[in-house]
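To start, the structure itself, in structure tokens.
Number of protein chains: 4
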Amino acid sequence: MQPLPSTNPWDEDDGFHEECGVFGVWNASDAAALTALGLHALQHRGQEASGVVALTDPGSEKGVFNAHRGLGLVGDIFGDAKVMAGLKGRAAVGHNRYATTGETALRNVQPLYADFEFGGLAVAHNGNLTNATALKRALVRRGCLFQSTTDSEVFVHLIAISLYANVVDRLIDALKQVQGAYSLIALHHGALIGARDPLGVRPLVLGRLPEGAMVLASETCALDIVGAEFVRDIEPGEIVVIDDSGLRSINPFGRQQSRFCIFEYIYFARPDSVMEGTPVYGVRKSIGAELARESHVEADVIVPVPDSGVPAAMGYAAESGIPFELGIIRNHYVGRTFIEPTDQIRNLGVKLKHSANRPMIEGRRVILVDDSIVRGTTSKKIVEMVRQAGAKEVHMRISSPPTTHPCFYGIDTPEREKLLAANHDVEEMARIIGADSLAFISLDGLYRALGHARRESGAPQYCDACFTGDYAIPLTDLVGHPERVPALLAANGQ
Amino acid sequence: MQPLPSTNPWDEDDGFHEECGVFGVWNASDAAALTALGLHALQHRGQEASGVVALTDPGSEKGVFNAHRGLGLVGDIFGDAKVMAGLKGRAAVGHNRYATTGETALRNVQPLYADFEFGGLAVAHNGNLTNATALKRALVRRGCLFQSTTDSEVFVHLIAISLYANVVDRLIDALKQVQGAYSLIALHHGALIGARDPLGVRPLVLGRLPEGAMVLASETCALDIVGAEFVRDIEPGEIVVIDDSGLRSINPFGRQQSRFCIFEYIYFARPDSVMEGTPVYGVRKSIGAELARESHVEADVIVPVPDSGVPAAMGYAAESGIPFELGIIRNHYVGRTFIEPTDQIRNLGVKLKHSANRPMIEGRRVILVDDSIVRGTTSKKIVEMVRQAGAKEVHMRISSPPTTHPCFYGIDTPEREKLLAANHDVEEMARIIGADSLAFISLDGLYRALGHARRESGAPQYCDACFTGDYAIPLTDLVGHPERVPALLAANGQ
Amino acid sequence: MQPLPSTNPWDEDDGFHEECGVFGVWNASDAAALTALGLHALQHRGQEASGVVALTDPGSEKGVFNAHRGLGLVGDIFGDAKVMAGLKGRAAVGHNRYATTGETALRNVQPLYADFEFGGLAVAHNGNLTNATALKRALVRRGCLFQSTTDSEVFVHLIAISLYANVVDRLIDALKQVQGAYSLIALHHGALIGARDPLGVRPLVLGRLPEGAMVLASETCALDIVGAEFVRDIEPGEIVVIDDSGLRSINPFGRQQSRFCIFEYIYFARPDSVMEGTPVYGVRKSIGAELARESHVEADVIVPVPDSGVPAAMGYAAESGIPFELGIIRNHYVGRTFIEPTDQIRNLGVKLKHSANRPMIEGRRVILVDDSIVRGTTSKKIVEMVRQAGAKEVHMRISSPPTTHPCFYGIDTPEREKLLAANHDVEEMARIIGADSLAFISLDGLYRALGHARRESGAPQYCDACFTGDYAIPLTDLVGHPERVPALLAANGQ
Amino acid sequence: MQPLPSTNPWDEDDGFHEECGVFGVWNASDAAALTALGLHALQHRGQEASGVVALTDPGSEKGVFNAHRGLGLVGDIFGDAKVMAGLKGRAAVGHNRYATTGETALRNVQPLYADFEFGGLAVAHNGNLTNATALKRALVRRGCLFQSTTDSEVFVHLIAISLYANVVDRLIDALKQVQGAYSLIALHHGALIGARDPLGVRPLVLGRLPEGAMVLASETCALDIVGAEFVRDIEPGEIVVIDDSGLRSINPFGRQQSRFCIFEYIYFARPDSVMEGTPVYGVRKSIGAELARESHVEADVIVPVPDSGVPAAMGYAAESGIPFELGIIRNHYVGRTFIEPTDQIRNLGVKLKHSANRPMIEGRRVILVDDSIVRGTTSKKIVEMVRQAGAKEVHMRISSPPTTHPCFYGIDTPEREKLLAANHDVEEMARIIGADSLAFISLDGLYRALGHARRESGAPQYCDACFTGDYAIPLTDLVGHPERVPALLAANGQ
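Chains as they are written, first to last, in the working numbering: chain A, 1 to 494; chain B, 1 to 494; chain C, 1 to 494; chain D, 1 to 494.
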């Protein structure tokens, strides 16, 4: 899916955006309600649009698809009893995403749905295809008409034109043609299908409801909210077909070493999720402790940049013995828009999302802990705010290595020239954001916190391309677009 | 103002609701934008509607009033550049409140505005009048027509019918007739006026912008966001008149001992605000420490009920030496509505706002720290959720004394029969909410944390009626409505 | 009520606007639905906003008022089954009016409603008070707060402050203080009340439903749609009180000669209404015949300017023997807005509402028949359009005398300097609108068509102030505003 | 296009619905505004949705397409200056249609737009394909994904998969595969293309703006509104390609005798349009005169059922010598919805669109003239209404022959079993609608009024299938659906 620009002129958040959460359930009563709840728990993965497609009579050709989608939060889109009453069905698939406003955008809201020769199919897709543009060009040449601007529609056309008779064979046929990092959930009258890219970059988990119905979701927190028991992660490259006879697993790509997205642990996933067997919250605290060991500095107080910096700051405080305080308060009531700042307002350095808790900061040496630095604009404002509140010293500690490379695997990052760490060394960065000192966790420290070496038995363990430029999946669409290609690509032989 | 019911059938929050935040500024450029920002910082005091009235040419009779109000969050109401462009003026007053949806409610959104013989007047009011019904009856008998259902309109009519020539004299005339707990800010072409009730129950602070313009606001956090310096609290019973010649203070009621609302410290105020000279965040941590001393119990982990329980839990953890962990994650993406739960969904015990961070809880003895218990329904769900996540023991610690009495001074509390602590002793309450143990801070402990005795030199220091039934302001409208009168009233001679 | 400007930049209609239709019913099932239907039949009297207030249990103090109002057409405002379900009651009063968009305007939409000492009262008012400004000034001085900008609210305040105990006495008290031309319908728990100004300028009729329930309405066409039988016109200055014991008539002003608005016959009323005993359609045809006798000209075809010019054109054609043809087609699909015309579009002389039926016009001598000329801009465009369609000659015939004076009695007319006939003689007007000849019916001819002399037994029979400047009701609010006073006023001693 | 049901439970109109108007312009300034105006003039051909696609730089590959579509009237959809400002371009194509509300319907609103290998293409289509279902089935089998439920999308897919390189060749390729009655206008960067089905059933005319730009439209009334001169009708089966080098005409189907839709003259077309050289208004009057000659009856007054019955009634009156009067008034203020009628309201026989002008009817023998009888429900209500208004006799005269067969060529008609004339003879019909007598014009009389024989030189002149069952275009999609096939089909060898 394409990144979509924020329309909020006040937007202080120059961070990363996870793109999309997916959820599916087969043969349970209230399937659409369960899906809406699951999407609610996955709201942090996409807050701007959601959709649910439900299916009556799963397993029977009589099944009817009912759909609803909208712009906004899950609670608002599915808060109308009439909407829910219309989403009849015992199976469902849902999707959260970013979207701009208006009609044009609405057609991009997933799940995508199409009528095929074999019946209807709804597809919810999290991730990014790296050869979508090339595929789209070929499909248009063949006479395919594209209705959305999401690369997810490429899947749908590939399925439509596949010569295989069976929907699962068609899906495999399509997956073999695409490159990229993705998880997807598809629903047709005969089965709920889950699929994960061959390297397992994007997450997808399997759960089971008390009465036995199977659930697929991006994260375990979505299992928790519906009371589903965690069964296992879907394997890299695995396709699971859930129907009334149970679950069937297909591995069309053969076994491959997983290269799960390391940034899910640092920032994207919800802290109460467990990913690939490891609790996210615990990893974040361990990173904080590692960071304290690597880059200790004398100070009076550890202050997290809320909310994402909190666990690392707790780990840092515990390891360093310096007190942890909520020295920055987050305002959670930021709507979708806010007034255009005038010059005067801009000069006030007004921040809508954060405010300094002055009594905790005034006259103190402060260590700020945050998860990452992207463009550096937010860090600069935060440091400035903490200084205005009277801090004697401001030291910034970051619970990820420097982000030097854009992500092409499903995370919305700016182009390389806008990544502060791609263009400046750490000292320069400290000066730019105005901190007395700045330190990032080392790549090794990060892997230590995760309990792994970077390579084990010669095999890389995670996708860490945003820190290393080690892009494990070909970037086909970038060929011929050198302006979008990170400098290291050639060097890396990719 | 009247309490308004939540329309969210999923609403898990059975807590208190602060009612209203107010903000005003005199003779500053971008007055409406500053006011919208101030209201944004005060959003926690009322999230359902907001309004701003701006005045061009303050100090001149040529001034024109421009107004905008709406239902929803400040950012959404004032996010339209055209709206802000229409709010021309160098003085402004604004208001946040609760409101139901629809047109009927819109007429209740403040600031109220009316044309008087002396010109226009906009009034923003935080608090509650305890003789509003009696006054309204008399005013209607006299021929006054009421357009809203807020008791704030009583002020406006009293000003309208006052026989004094001058707007300040009319306002004093009105204030002398009302009983209650309130702060108000009024704007007319000649001045910005602030007033606080004689006991100073509701807060109001004075600030100064860098270029010297005066600002009034409910809390200091609203001064911080606009870059205003804190000057002082408005005194109990004080009226301040801000015009181009500066600030004039009037004390029509004489000096009285302040009885500031003690619950502002425990729950209502934003943690980064400083109230009556005392930082709110620090008080909360002290209460937590006091609570640990009073009601220690063996446990493995301290878990706050987010967000309001966090500082007290930190204080508790520091005092007790038991580790503090984010064992409950709050979902901040709860919109205004959500799907009607079916029975099946209800049986899942689904919680929209909170989820357990299972790895931090499983197999552990957990101390939950929360700020208060109102009906007990939320506490029950939270305890249940923590047990389902595998806690071995669940001990609940509350950073306020038992809430035994409703508030009639501006906070939306349920009637007495719905207050758990009004009808059950602590042991019964523990059983009802399902906790292994339950403890509240003592009233003395609370005062200790605040650094005061309950009475000093014989004078009570705070309004603590919700814990004690000691209602310091007459409850005139309750006379003849015994069903609304708390049982203790008679006993207390009120 | 105040005239409100059109927001349609394409607006070709520079004609008169009737202001408001009213409807009321007492003690019938489906009272709100009947009222919505009545308002639909009266839609020509006000197309921009409507409201209905219904009352359960009419005749009992237990009755509850339910209200709904909105901007737009009756069918759209009351087209929602939920809205109608909410308007429970066996009595109702409704109102059509003009209104601008947005919230500010909504508070002006009638019926106005207020809570009084004696209970609730809803008031729907058609017409204009000529001393409203003076009364409002006095009421504000007394402490009354105005919420709308309609002069109708003056009634409500006068009722509120009246010292009489009984609502009917209070209403009479109020009516005795106001000057103007109006019909009003009021509903309180004890009765439905109708009132007409002492000269009976604005219409109000009484009907009876098959089961006996009484109905009040502006025109008989609203009785027809609900199947009510016409009973009689309400008399000038009469107040009718309809309650469960029947109908009581009060004449607080004594009998006066009616001076019914003559323009209702010419243009405002719906052609199928019968006013003061005379069918409107028949009058219009008679005017056309009179006009043919007075101002015959050789021609090939009579073409009405649709829709209002059709009956007069038919009468003209029948009298003159020249064929009647629909040479101009009206487009009824004109919504509330349309694109801003660019210069190029403007030069095309595009007309949204009318188009020439070229085959009926080309090469012919055409007599156009229209009801009035106000500013002349529409007539000019129509003549131009007919010439462009190839007419050899264009003669304009108008079924009213020249409109030389504004109306202050409830019709939205432009100021005097914008009335073409106030500033130009007929020959100049013909030249301005581009017609080969122009003729208006004479005042005597108009009275002949109505079957009356202008004065009978010395008494004037109609209000014809727009043609004569003979303003029968004092224009109090104009005193001191000479710019609004027509030149003839002084001459007429008013 | 498919017929879409009315959502108005009050809908009294059981008549025919024309389906769609189209408009296009090449290389003119304000192209989108001209198109919106043209659509406004064609509003009678589709009132529920409209769209415009504009193209900057027509003739250049740099051209950018801008689009806007919406539900409602043209004036409301294009009434926003920002919308029009966004529709930049010097070429445009637009479409009016029926549509239900909501998002699902929006995707059906034309012009359809798609990106092809050769660039973008916008298509506006009026009419109906009779093999759309069969084609769609084959296209889906091939892997085409359908996004709308209109048969117009079949065109777009056929163009997309065509193997020809050139867009015009692809369009011809597509047209050769479809069967049906249609006019279409397509716009791509190189040309504006118009096409009419081989029999010319649906209309399409060519015009020229003063500066020379070419215009295509469904009817001449759309040329008139933009000041374009009528050039000629597009020929049956003709394709016109308008680009910067002028107009090129292609006749891929060879010359065929036109079989223009005879119902356009009777009802669909606007009376001021000229179709195939014949003025519509004149035809209608001639039909009325023919009808008077064929089915004279003694009466006092001729009353048209407005608005469509007016010209025929005038012709009838002129021929018969009986006076013509507007005995039924039409209420033009009917919005899109209205209150659900309760039983009581239903029993009142309430009519929202028509009301009797009682003084013209009471005590008289009335001849009603209407254009057609479809289900008969409207005629029944009208006759009833006229009787209730006191008519002594009611004779119904219809300006078309009995409608015995549904239209499959672009007009929304009910199935055969709902057509009153398909199931009853004229006497029964008279009894059903409650008229004292009923007569239709004969087929021969209709052709006489048009100045043609039914067959000239052996060739049929018009499509009159709705009266005769003589379906000139194969009804492929009906094969296998006998329930939809009119009984006469087999008999007619079709």
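Even glycine gets a Cβ: it sits at the ideal position worked out from N, Cα and C.
Counting only the same chain and skipping the five closest in sequence on each side, list residues whose C-beta sits under 8 Å from that of residue 281 of chain D. 271, 272 and 311
In angstroms with no decimal places, state the Cα-to-Cα distance between residue 388 of chain B and residue 463 of chain B. 39 Å
With a floor of 4 residues, list each alpha helix (DSSP H) that falls wholly inside the stretch 44 to 127 of chain D, ordered by position along the chain. 74 to 77, 81 to 86 and 103 to 106
Is the beta carbon of residue 91 of chain C closer than 7 Å to that of residue 111 of chain C? no
Work out the CA separation of residue 137 of chain D and residue 149 of chain D for me, nearest whole Å. 13 Å
Scan the stretch 191 to 252 of chain D and note each continuous beta strand (DSSP E) run of 3 residues or more that stays entirely inside, going in chain order. 191 to 196, 205 to 208, 214 to 217, 229 to 233, 239 to 243 and 246 to 250
Can you tell me whether residue 127 of chain B is buried or exposed, with buried defined as 16 or more other CB within 10 angstroms of its CB? buried
On the criterion of 16 or more Cβ atoms from any shown chain inside 10 Å, does residue 99 of chain A qualify as buried, or is it exposed? Here residue 99 of chain A scores only 49 on pLDDT, less than 50, and its place in the model should not be relied on; the value that follows carries that caveat. Under this definition residue 99 of chain A is a buried residue.
Kindly indicate which residue of B:41, B:247, B:252 and B:275 has the alpha-carbon position closest to the one of residue 259 of chain B. B:275
Closer than 7 Å to chain D by CB, residue 179 of chain C: no
Looking at the C-beta of residue 256 of chain A, does it have a partner C-beta in chain D at a distance below 7 Å? no
Is it true that the stretch 77 to 94 of chain A meets the stretch 155 to 174 of chain A, where meeting means three or more beta-carbon pairs spaced less than 8 Å apart? no
Check the Cβ-Cβ distances between residue 370 of chain D and every residue of chain C, and say whether any is below 7 Å. no
Are the beta-carbon atoms of residue 303 of chain B and residue 368 of chain B separated by less than 7 Å? yes
Top-ranked residue by Cα proximity to residue 358 of chain A, from A:384, A:118 and A:459: A:384
For residue 308 of chain C, name the three-state secondary structure that DSSP assigns. coil
Under a three-way DSSP split, which group does residue 286 of chain B fall into? helix
Straight-line Cα distance separating residue 373 of chain D from residue 398 of chain C: 38 Å
Could you give the DSSP three-state label for residue 493 of chain C: helix, strand or coil? With a pLDDT of 32 at residue 493 of chain C, under the threshold of 50, the modelled position of that residue is not reliable, and the figure given next carries that caveat. Residue state, collapsed to three classes: coil.
Short of 6 Å in beta carbon distance, which residues of its chain neighbour residue 23 of chain B, apart from the five on each side in sequence? Order them along the chain. 35, 38, 39, 94, 217 and 222
Since residue 301 of chain B and residue 360 of chain B are thought to touch, with beta carbons under 8 Å apart, how far apart are those beta carbons, to the nearest angstrom? 7 Å
Counting Cβ pairs, one atom from each stretch, are 3 or more of them under 8 Å apart for the stretch 141 to 161 of chain A and the stretch 140 to 157 of chain D? yes
Taking the beta carbon of residue 343 of chain A as the centre, do at least 16 other beta carbons fall within 10 Å, making it buried, or is it exposed? exposed
Classify residue 205 of chain C as buried or exposed, calling it buried when 16 or more other Cβ atoms lie within 10 Å of its own Cβ. buried
Chain A contact residues for residue 476 of chain B, given Cβ-Cβ distances below 9 Å: Those within 9 Å of residue 476 of chain B in chain A number zero; the least Cβ separation is about 35 Å.
Excluding five sequence neighbours on each side, which residues of the same chain lie with their C-beta closer than 6 Å to the C-beta of residue 83 of chain B? 68
Express the C-alpha separation of residue 439 of chain D and residue 299 of chain D in angstroms, rounding to a whole number. 14 Å
Step through the CB atoms of chain B and report whether any lies within less than 7 Å of the CB of residue 265 of chain A. no
Mind checking residue 444 of chain D: buried by the 16 CB within 10 Å criterion, or exposed? exposed
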